[in-house]
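S.K.:
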Amino acid sequence: MAENYNGMAVGVFELDNLVACFVALDAASKAANVKIQGVERNRLKSGACVKMRGSVSDVNAAMEAALRTAEPLAKIVNHTVIASPTSDTEVALQMTINK
-3 MAENYNGMAV GVFELDNLVA CFVALDAASK AANVKIQGVE RNRLKSGACV
47 KMRGSVSDVN AAMEAALRTA EPLAKIVNHT VIASPTSDTE VALQMTINK
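And the structure:
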């Protein structure tokens, strides 16, 4: 069943190591009230991208925890927080889940 993430901020981080992504998302979910929306494995490399949702302050806190945890374990490829995704962005985010 699809969750309704309307009105929630989104935080996205990509690491070059799948295992490190799970360690980082665990730290993120323990640090703040966020929901993990998806983990997409990079099929060409060994890394992955994690999407998490919540309030702007929770996503920012979770992102800080995730990156701090990931830094000694993997290369941080990229990361961002979108405070208020547009409806078109929401569609694009949904299209990439489990791809």
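At position 73 of the sequence shown (counting the first as 1) the number is 69 in this note's numbering, and the numbers step up by one without a gap. The beta-carbon is built from N, C-alpha and C at its ideal position, and this holds for glycine as well.
Taking its Cβ as the centre, do 16 or more other Cβ atoms sit within 10 Å of Gln90, making it buried, or is it exposed?
M.R.: With fewer than 16 Cβ atoms within 10 Å of its Cβ, Gln90 is classed as exposed.
S.K.: Check each candidate in Ala24, His75, Phe18 and name the one with the smallest Cα separation from Ser42.
M.R.: It is Phe18.
S.K.: By Cβ distance below 6 Å, which residues in the same chain neighbour Ala61 in space, the five residues on each side in sequence not counted?
M.R.: Excluding positions up to five away in sequence, the list reads Ala23, Ala24, Ala27.
S.K.: My output table needs one value for Met59: the three-state DSSP class, helix, strand or coil.
M.R.: It is helical.
S.K.: Could you give the distance in angstroms between the alpha-carbon of Met59 and the alpha-carbon of Gly7?
M.R.: If you take the alpha carbons of Met59 and Gly7, they lie about 7 Å apart.
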